[in-house]
Amino acid sequence: MSRIGKLPISIPANVTVTFANGVVNVKGPKGEMSQKIDPSIITKIEDNTITFEVDENSPVNYKQKSAFHGLYRSLVNNMVVGVSEGYKKVLELVGVGYRVSNQGNIIEFALGYTHPIFIELPSEVKVETKSERNQNPIITLETCDKQLLGLICAKIRSFRKPEPYKGKGILFQGEVIRRKSGKSAAAK
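Under our numbering, the first residue of the sequence shown carries the number 2, and numbering increases by one thereafter.
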């Protein structure tokens, strides 16, 4: 069995969780989310805790059931944390002339290409950009959906991946890039 799947999820006071027809619905102050659960996993909501168990009588093979056990526990836990506290990621643009600005949920990037790059974010995501003199531009993304936040951050990073020679690119705040020496250092 999955070690993660065995851990119970405690439900905070301001969050309501319901399970009906194989779908878990989580509602809290930051939003509302739902997740379909595989029939080979038994979901129980008792005493402000959610527990998941493997249905031994289901036709799915043991390895798949074990994988589902931990997967669905993690997904529901991320939903509970998301609707109660929310998730936040901060990205930093490192490079000369790199700029970012937003109008509502549309972000405009100037990343050294011949054209600006625009990306429209879903309405669930709150975005804030900050550009100060002599500081790297910063993008702050907040939402209750951890998966969506990860996808958006990956998409934004793909515009200019961090590179190890000059250290330029779009980084998570606090991320350290291992620097490499160039050709001239190797020749000596």
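Just so it is clear, CB atoms sit at the ideal spot from N, CA and C, and this is done for glycine as well.
Within a 10 Å sphere around the beta-carbon of GLY113 sit fewer than 16 other beta-carbons, which makes this residue exposed. Between VAL128 and LEU149 the beta-carbon gap is near 13 Å, outside 8 Å, which marks them as no contact.
A contact is defined here as three or more CB-CB pairs under 8 Å, and the stretch 51-66 fails this definition with respect to the stretch 173-187. Each of LEU152, GLY96, LYS147 and ASP146 was checked against the Cα of ILE120, and the nearest Cα belongs to LEU152.
ASP56 is classed as exposed because its beta carbon has fewer than 16 other beta carbons within 10 Å across all chains shown.
The stretch 88-116 contains, as complete beta strand (DSSP E) runs of 3+ residues, the segments 88-95, 100-104 and 107-111 (chain order). Per DSSP, the continuous beta strand (DSSP E) segment holding SER35 begins and ends at 32-37. Contact annotation: the stretch 69-81 touches the stretch 40-56, with at least three C-beta pairs closer than 8 Å. Nearest to CYS145 by alpha-carbon distance, out of TYR88, ALA14, SER35 and LYS37, is TYR88. The criterion of a C-beta distance shorter than 8 Å is satisfied by SER85 and ASN15.
Counting of Cβ neighbours within 10 angstroms places VAL97 among the exposed residues, the total staying below 16. The beta carbons of VAL101 and SER132 sit about 7 Å from each other, so the pair counts as a contact at 8 Å. As DSSP reads the structure, PHE119 sits in a beta bridge with GLU109. As a beta-bridge residue in DSSP terms, PHE173 pairs with LEU92.
Collapsing the DSSP output to three states places GLY23 in coil. Per DSSP, ILE12 lies in no alpha helix (DSSP H) segment and is marked neither H nor E. Ranked by Cα distance from GLN136, the first of LEU94, ILE107, GLY105 and TYR166 is LEU94. The straight-line gap separating the alpha-carbon atoms of GLY32 and PHE110 is approximately 28 Å. Apart from the 5 residues on each side of it in sequence, PRO13 sits with its Cβ closer than 8 Å to the Cβ of GLY29, VAL81 and SER85 in its chain, given in chain order. Straight-line spacing of the CA atoms in TYR166 and LYS181 works out to 5 Å.
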